[in-house]
Structure formats: structure tokens, C-alpha cells
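Notes follow the structure.
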Amino acid sequence: MDGTWDAIVVGGGHNGLVAAAYLAKAGRRVLVVERRPIVGGACITEEVFPGVKFSRLAYSAGLLRPEIIRDLELARFGYEAHPFDPQFFLPFPNGDSLLLWNDAERNEKELARFSRKDAAAYPKYVAFWTEVMELIEATVLEPPPPLPDLLALFKGPEAEELARRILLQSAADLLDEFFESDEVKAMLATATTIGLPAGPRTPGTALMLGHMLLHEINGVKQTFGYVKGGMGGIAQALAAAAVHHGAKIRTSTPVQTILTRRGHVTGVELADGTPEMAPVVLANVDVKTTFEKLVEPDAIDPTFLAQVHRIR
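The letter at position 194 of the sequence shown is residue 283 when you use the working numbering, and the numbering goes up by one with no holes.
This is the structure in C-alpha cells:
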């Protein structure tokens, strides 16, 4: 290869590997450059102690879309997942605990130990979120829609009010509408604290209560699961699929700069000074690193850059 590509992916996380695999499958010349000696980003398995491997960041699967698994034939490249059962376990200071399973009847019996009213309300709660997330699920393989476009999915005054509730309300307030038991609400509120710098009383966290319904393992919806080989098994399968279709992956290869000219991307300059040229660069890197460190400030619209600076 002469240093010219159709696309360069900066960062070998699972999202970048998905993009690389699809582009390579479509016949494009693709280069993935990853700073670390392994690919995966947050989906990694590493030997932390001698002979003991851990999923060091992401710890459960379920959001890798079934369409991607099928399109890229990931099972062919070693991807294997199994649903958790039970799904959730929450211990309490008094020695009691609460479990949620992949079985509606079993869940109702478990919740009834804390509140019969809540046990009866739980199927209604699941149905509520299932209807909402079916609308949102239609957007997950598309670019994230602006808030007005997302609200437009909800037709009619009642639906619009519902959309505002789930997008702006706190998780705690919404749970109070369905349940009375603090134990039941605490169990369900755990979904709002995963990966968020917020608590369940923070406005805007209600939507995270339904987020778990997007999870799917082997056709079992609303479920999390284990991956063979740890979470790094996802990245390894994606990398193998990308390479199979012709992508090149270079690890231990940090990028110094994303190159631009007259408002257009032209490639990247590696930390050792080597240029790699492409008319398309996909940054599988957080937005602040991309636009504050990798792209020259004079190549970015000042208003957009100011918005990036305000991200916390």
C-alpha cells in the first residue's frame, strides 16, 4: 500500500472496528490505527494478574445490534454470547436481596415479596417502556437525531407530553408513578446510574430506565449477557471480520494530527511523523480529543469549537 487509503479509522474501539469492517466489506481500502497494543477500546479483555483475565471496562454485552452480528458474520470469527439469568441482583443492608430474571412470572413473584401492588404494576411498566423504545429503536442505526426530530416521532398531544416526560423527567419521579416499594425502585434505578455522572433524581435520567430494553442476546430481547473470552471477544471478532474483508489494522500506532486542507480532511500524521492519506477519516475517539487535540483549531468552525469546549 502506498500510504493512500479510502478511509482511515483513528482508534480501534468496537465502534471503529464496526465501521472498518463495513467499509472493507464494501470494497474500500481501510486503515485502522490504534494507540494501544490491543484493539477494543472499552471492549477489552486483559491479563491483570498472572493467568487471570478480566473485562477491564465494559463488562456485559447486549447493545451490539443483531443486524451487525448477522451482516459481519461475527459467529464465524469467534463471537459467542450467552444471556445473564438472573439479570440483576441487588442486596440490602438487612440481608435480604432482590433478583430479576428472564422470566416474567418469576419476576412478579420476586417483586411481590416487597409489594403485591408493585408486582402487578411491573408488567405495565415493561409494556410502557417497550412501546416507547420501539419508536426509539428505529433510530439506533441512524445518526443520532436532533431533539426536535426525536420528539417528532411521538405523534399527537398525549404522545408529545409522554416524550417530554421520558426525555426531561428524572428516573426517580417516573418510578414513583409506577411503584411504592423503595427496594423495587432501587433495583430498577440501577439502570440510570450505569456509565452516567448522575443519580436517579437528576432531570433527564428517566430515559435510561428504558435503555436496558434495547439490549438483546441471541434473539432474547431486554437482556444482558456474557461473551466468550470476555468483552474483548467482541473486539477480536470485529477485528477478524475487518481483516477478512481487507482492512489493515496497526496497533501501537498513535496519531499525532488529523490533517486538513482548505476545510477538507486529507489524512493523518502518525506520532512518528509518517503521513497516511485518505479523503475520509473516522475518529473513534471522544469528541474533545478529536477537536481539541488532533485537529488544528484554525480548521474548525469557531462556533462549533466553542461548543466542544463547553462539554464536561
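For each residue, glycine too, the CB sits at the ideal point set by N, CA and C.
One thing to note: residue 304 has its Cβ no nearer than 7 Å to the Cβ of residue 184. Fully enclosed alpha helix (DSSP H) runs of no fewer than 4 residues occupy 321 to 333 of the segment 316 to 354, in order along the chain.
According to DSSP, residue 144 shares a beta bridge with 134. Here residue 290 has 259 and 261 as same chain residues with Cβ atoms under 6 Å from its own Cβ, once five neighbours each way along the sequence are excluded. Taking C-alpha positions only, residue 165 is separated from residue 330 by approximately 9 Å. One Cα belongs to residue 141, the other to residue 317, and the distance between them is close to 15 Å. It is roughly 37 Å from the alpha-carbon of residue 359 to the alpha-carbon of residue 314. Per the C-alpha coordinates, the member of 393, 272, 149 and 370 positioned closest to residue 131 is 149. If only complete runs of 4 or more residues are kept, the segment 190 to 270 shows the alpha helix (DSSP H) at 193 to 201, 205 to 226, 236 to 240, 246 to 257 and 260 to 267, in order along the chain.
A Cβ-Cβ distance of about 7 Å is found for the pair residue 339 and residue 121, placing them in contact under the 8 Å criterion.
Across the structure, residue 264 and residue 274 are spaced so that their CA atoms are roughly 6 Å apart. Taking the Cα of residue 106 as reference, the smallest distance to any Cα among 163, 226 and 270 is reached at 163. For residue 103, no beta strand (DSSP E) run applies; the uninterrupted alpha helix (DSSP H) run containing it begins and ends at 103 to 114, by DSSP. Unbroken alpha helix (DSSP H) stretches of 4 residues or longer found wholly inside the segment 152 to 178: 155 to 160, given in chain order. By alpha-carbon distance to residue 143, the top candidate from 374, 268 and 320 is 320.
In the three-state DSSP reduction, residue 188 falls in the strand class (E or B). Collapsing the DSSP output to three states places residue 299 in a helix. For residue 100, same chain residues with a beta-carbon under 6 Å away, outside a window of 5 residues either side, are 373 and 374 in chain order. Where residue 120 is concerned, the enclosing beta strand (DSSP E) starts and stops at 119 to 122.
DSSP places residue 378 in the helix class (H, G or I) of the three-state scheme.
Around the Cβ of residue 115, a 10 Å sphere holds fewer than 16 other Cβ atoms; the residue is exposed. Here the alpha carbon of residue 309 sits roughly 37 Å from the alpha carbon of residue 369.
Within the same chain, 154 and 303 come within 8 Å of residue 229 by CB-CB distance, once the 5 residues on both sides are set aside. Each of 96, 327 and 157 was checked against the Cα of residue 127, and the nearest Cα belongs to 327.
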